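Colleague: So the sequence shown is residues -22 to -1, 1 to 125, counted in mature numbering (1 follows the signal peptide of the UniProt record, and there is no 0).
Note that beta-carbon positions come from the ideal geometry of N, C-alpha and C, so glycine has one too.
Since we're looking at a predicted model, the values are computed, not measured.
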Amino acid sequence: MKCSIFIPSLIISFLLLDNVMSLHKRCIRCRSRGELGTCGDPFPFNVTEPDAEVGIHVVACPSGWCGKLIEGTTGAFRSDDYGAATQRMCLQRPPSDYEERCAYTMWNHKKVYMCFCNGDLCNAAFRISKFPITLIISILLSLYNFL
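1) To the nearest angstrom, report how far apart residue 92 and residue 74 are at their CA atoms.
2) On the three-pair Cβ rule with 8 Å, is the stretch 32 to 43 touching the stretch 82 to 101?
3) Sort 66, 34, 45, 88 by Cα distance to residue 78 and report the nearest one.
4) Which residues in the same chain as residue 63 place their Cβ atom closer than 6 Å to its Cβ, once the five residues preceding and following it in sequence are excluded?
5) For residue 38, which residues does DSSP report across the bridge?
6) So if DSSP puts residue 23 in a beta bridge, which residue, or which two residues, is it bridged to?
7) Return the CA-CA distance between residue 8 and residue 36, expressed in angstroms with no decimal places.
8) Could you give the first and the last residue of the continuous beta strand (DSSP E) run that contains residue 83?
9) Check this for me: beta carbons of residue 66 and residue 100, under 8 Å apart or not?
10) Can you tell which of 47, 76, 117, 72 has the C-alpha that lies nearest to the C-alpha of residue 84?
11) Nearest CA to the CA of residue 5: which residue from 15, 22, 14, 34?
12) Would you list the residues sitting across from residue 45 in a DSSP beta bridge?
13) If you draw a straight line from the alpha carbon of residue 23 to that of residue 13, how long is it in whole angstroms?
14) Considering only C-alpha positions, which residue in the set 118, 3, 15 is nearest to residue 61?
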């Protein structure tokens, strides 16, 4: 009898956890210039504790799409530049083709390197995929129901 409950409870818990996790998408918001900046690559902070550093913010992102923009890497710097500037942000809307990618593009009349990603805190350097976590939790919940 308990075995017949195992599969449906596994499926239901997987779907519920996946939906809950996808509703709360956040992005890192920051901007810094130069090698010593706190927003650059590699991102020097754990994404679960970014508010500990001034200028690093975790913001709710209704579109679910985050971005990372790097400017100043394609040519000579002006005399007032201190190096490449890195900016992480929530995008107001997704790319027209809904594809995650990085490429050179024009932004405010400048050639910049920009990345688009879809997911919770995906614009931090380290990305934790929600699929394995959701799967593990679902299996544990199902095993608990089975026993």
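Modeller: On the basis of the data shown:
1) 15 Å
2) yes
3) 45
4) 11, 49, 50
5) 4
6) None, per the DSSP bridge assignment.
7) 9 Å
8) Its beta strand (DSSP E) spans residues 79 to 85.
9) For the pair residue 66 and residue 100, the CB atoms are not nearer than the 8 Å cut-off.
10) The candidate whose alpha carbon is nearest that of residue 84 is 47.
11) 34
12) Residue 45 is bridged to 67, 94.
13) 15 Å
14) 15
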